[in-house]
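Numbering (the UniProt record's numbering), first residue to last: 1 to 574. Backbone N, C-alpha and C define an ideal beta-carbon position, used for all residues, glycine too. Please read the structure below before turning to the comments.
What follows is the structure in structure tokens.
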């Protein structure tokens with residue numbers, strides 16, 4: 001019996017070797033070409049994604065749908081949250097069934113189909129086909145108090161729009177969860193430094209796509225036509241899909257390797273409910289992978305991976321309130337900007353080819369996101385080439401956890417700045433100092449405060465992103481065992497989506513009758529709401545969890561410095 005086990009051991013060891021990747025492994029230029037193709041695809045996909053999110057509030061507020069302000073903000077937060085929350089789905093499909101290359105290809109096809117469906121909702125015939133005729137709203141006297149019951153009927157075309165946004169979120173999340181690691185696979189054989197530099201340029205490409213989207217697509221959507229803007233989005237996705245397929249010969253592709261989800265769930269159940277497992281037989285205590293899949297990790301490796309996951313999760317969970325603050329940039333910050341004075345930055349004559357109903361174009365409110373993006377585009381290379389090497393030479397380079405804490409602080413200051421600005425804006429509204437302004441075809445009553453006052457909050461959230469988001473990715477990737485890097489990266493993105501969904505749920509809760517965000521029959525205007533209270537509440541939540549994060553991070557660092565823990569971690573990370 002012992003002889004047969006000894007004979008089985010070498011073959012079992014051979015079976016655990018990683019599967020050989022397919023694709024050219026020739027000169028460095030082929031690896032760089034493959035990585036460049038991945039970066040270009042990511043830039044185009046992000047340009048399309050931001051083209052949808054940057055003006056989604058304005059699109060739903062438009063006369064085509066007449067959604068109320070809190071309904072439009074909630075839909076945007078739900079879309080953003082779902083695009084992150086669904087990330088593990090695409091990663092699981094790639095790991096178990098399809099592989100990363102095929103999963104990305106199919107996700108881009110779904111992306112193209114969903115963006116095409118969103119394009120059809122712009123036309124009258126398309127809306128009538130999918131949503132029917134818009135119901136007429138009867139004229140009613142204004143509600144004298146905030147306690148009046150509101151109409152809780154579903155907004156026009158809600159089912160179709162939410163379905164389209166869900167498909168877009170599924171496609172975007174699948175591309176996000178797989179394209180990152182797929183690109184890293186292309187340069188993995190060039191060394192650790194090449195992988196680190198790829199992640200830097202990958203994040204830079206994301207923001208370059210955002211610049212393209214905000215400068216071109218957002219301007220066209222707000223000042224010319226959503227039809228033209230969303231047509232460009234469809235074109236960007238189609239171009240990304242074509243480039244990805246065209247670069248197939250130079251890609252390194254890997255087959256699916258399986259998933260450890262069942263093992264992790266089994267161990268979690270074993271640690272939470274040991275009395276249930278004590279009734280089972282000894283054979284039942286064996287892990288599923290151990291009994292039926294001899295190629296999987298050993299029980300000892302599963303237990304070590306589970307222990308690492310238990311240590312990482314509290315750190316990542318305490319980042320959730322930061323994501324609640326971060327995603328305000330694309331929802332309530334936008335809504336606030338629509339109610340500040342937006343200047344005309346050039347005037348046109350009616351004889352020009354680009355005809356509009358106005359004699360001037362307004363700066364797109366979504367351009368304020370450029371303040372965030374430009375900060376990232378400028379500071380990431382400066383930080384990578386100048387600041388970090390200098391701090392490293394002086395032995396002052398902060399750890400990833402310290403950077404994340406600093407990012408939380410800047411996020412806190414951003415939401416405080418937004419709350420102070422909103423409080424000042426409402427003071428003008430209370431004194432009946434308003435400026436009517438036509439944005440596209442929709443009329444907003446804004447305070448006579450320039451929209452440039454929003455720049456500080458966008459700059460601060462951009463600085464926070466450099467520390468919290470990039471350092472968070474670095475922490476998740478570097479601390480995870482090699483066999484669980486994909487899963488933990490998926491959890492990181494998933495928890496980002498949880499933050500957006502919690503922000504959406506908080507908006508919905510505060511939109512109930514008597515809540516701070518309750519503005520019945522307001523159709524996008526927030527002048528009767530108290531969004532400043534909402535901002536200050538988020539700031540309080542962020543401050544409390546930042547203190548909790550510091551305590552958890554300190555405990556994690558102390559545990560990590562334990563020699564026994566260091567030896568286990570080094571073995572798992574390979």
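Relative to the alpha-carbon of residue 473, which residue among 162, 382, 401 has its alpha-carbon at the smallest distance? That would be 401, whose Cα lies nearest to the Cα of residue 473.
Hey, quick one: how far does the alpha helix (DSSP H) through residue 540 stretch, first residue to last? Here the alpha helix (DSSP H) through residue 540 covers 531-560.
Does residue 447 come out as helix, strand or coil in the three-state DSSP assignment? Here residue 447 sits in strand by DSSP.
Is residue 78 near residue 165, with beta carbons less than 9 angstroms apart? It is a contact, given that the beta carbons lie within the stated cut-off.
Name the two residues that bound the continuous alpha helix (DSSP H) containing residue 122. Secondary structure note for residue 122: it is in no alpha helix (DSSP H), with a DSSP letter that is neither H nor E.
Enumerate in chain order the residues of its own chain whose CB-to-CB distance from residue 281 is below 8 angstroms, with the five nearest sequence positions on each side excluded. Residue placement at residue 281 cannot be trusted, given a pLDDT of 41 that sits under 50; what the coordinates show is reported in the next sentence. Cβ contact annotation for residue 281 (same chain, cutoff 8 angstroms, sequence separation greater than five): none.
By how many angstroms is the C-alpha of residue 320 removed from the C-alpha of residue 433? Going from the Cα of residue 433 to the Cα of residue 320 covers about 38 angstroms.
Checking 9 angstroms against the spacing of the C-beta atoms, do residue 331 and residue 73 come in under that value? A Cβ-Cβ contact shorter than 9 angstroms links residue 331 with residue 73.
Reference residue 451; option with closest CA among 334, 478, 549: The residue from 334, 478, 549 with its alpha-carbon nearest to that of residue 451 is 334.
What's the call for residue 478, buried or exposed, on a 16-neighbour Cβ count within 10 Å? Exposed, by the Cβ-count rule.
Buried or exposed for residue 551, going by 16 or more other Cβ atoms inside 10 Å? Flag for residue 551 reads exposed.
Measuring only the C-alpha atoms, how far is residue 156 from residue 131? Roughly 8 angstroms separates the two Cα atoms.
Using only alpha-carbon positions, find the residue among 207, 391, 224, 318 that is nearest to residue 377. Comparing Cα positions, the closest option is 207.
Do residue 81 and residue 501 have their beta-carbon atoms positioned less than 9 angstroms apart in this structure? Yes.
Using beta-carbon positions only, say whether residue 110 and residue 171 come within less than 9 angstroms of one another. Yes. Within cutoff.
Residue 381 (DSSP reduced to helix, strand or coil): Under the three-state reduction of DSSP output, residue 381 falls in the helix class.
In whole angstroms, what is the alpha-carbon distance linking residue 85 and residue 411? Rounded to the nearest whole angstrom, the CA to CA distance from residue 85 to residue 411 is 21 angstroms.
Assess, as a yes-or-no matter, whether the stretch 54-65 is touched by the stretch 97-117 under the definition of 3 or more beta carbon pairs within less than 8 angstroms. The way I'd put it, the stretch 97-117 doesn't touch the stretch 54-65; fewer than three beta-carbon pairs between them come closer than 8 angstroms.
Segment limits, alpha helix (DSSP H) that includes residue 55: Per DSSP, residue 55 belongs to no alpha helix (DSSP H) and is neither H nor E.
For residue 436, which of 119, 444, 530 has the nearest alpha-carbon? Of 119, 444, 530, the smallest CA-CA separation from residue 436 is found for 444.
What's the C-alpha gap between residue 176 and residue 253? Cα to Cα, residue 176 sits roughly 17 angstroms from residue 253.
Contact belief for residue 431 with residue 200 at Cβ below 8 angstroms, rounded distance in angstroms: In fact, because the Cβ distance is near 49 angstroms, the residues do not count as touching under 8 angstroms.
Buried or exposed by the 16-neighbour rule on C-beta atoms within 10 Å, applied to residue 125: Answer is exposed; the Cβ neighbour count stays below 16.
Is the CB-CB distance between residue 466 and residue 476 below 9 angstroms? Pairing residue 466 with residue 476 gives a Cβ-Cβ distance that is not under 9 angstroms.
Expressed to the nearest angstrom, what Euclidean distance is found between the alpha-carbon atoms of residue 128 and residue 116? When rounded, the separation of the alpha-carbon atoms in residue 128 and residue 116 is 16 angstroms.
My guess is that residue 449 and residue 422 are in contact by the Cβ rule of under 8 angstroms, so how many angstroms apart are they, rounded? Wrong, their Cβ atoms sit about 10 angstroms apart, outside the cutoff.
For residue 481, name the three-state secondary structure that DSSP assigns. Looking at residue 481 - three-state DSSP - the assignment turns out to be coil, as it is neither helix nor strand.
Using beta-carbon positions only, say whether residue 447 and residue 339 come within less than 9 angstroms of one another. Cβ distance < 9 angstroms, so residue 447 and residue 339 count as in contact.
Using DSSP's beta-bridge definition, name the partner residues of residue 435. DSSP, once it has assigned bridges, lists 446 as partnering residue 435.
With 16 other CB atoms within 10 Å as the buried threshold, where does residue 221 fall? Counting C-beta atoms within 10 angstroms of its own C-beta, residue 221 has 16 or more neighbours from the protein chains shown and is therefore classed as buried.
Using 10 angstroms around the beta-carbon of residue 42, count the other beta-carbons present and answer buried if the total reaches 16, otherwise exposed. Result: buried.
Report the rounded CA-to-CA distance for residue 187 versus residue 68, giving the unit in angstroms. Just so you know, the alpha carbons of residue 187 and residue 68 end up roughly 48 angstroms apart.
Going by the beta-carbon positions, is the gap between residue 189 and residue 31 smaller than 9 angstroms? It is a contact, given that the beta carbons lie within the stated cut-off.
Run through DSSP, which three-state label would residue 253 get? Secondary structure at residue 253: strand, using DSSP grouped into helix, strand and coil.
Is it true that the CB of residue 468 sits closer than 9 angstroms to the CB of residue 404? For residue 404 and residue 468, yes; Cβs fall inside 9 angstroms.
Note down, in chain order, each residue of its chain lying with its Cβ closer than 7 angstroms to the Cβ of residue 554, except the 5 sequence neighbours on either side. Around residue 554: no qualifying Cβ.
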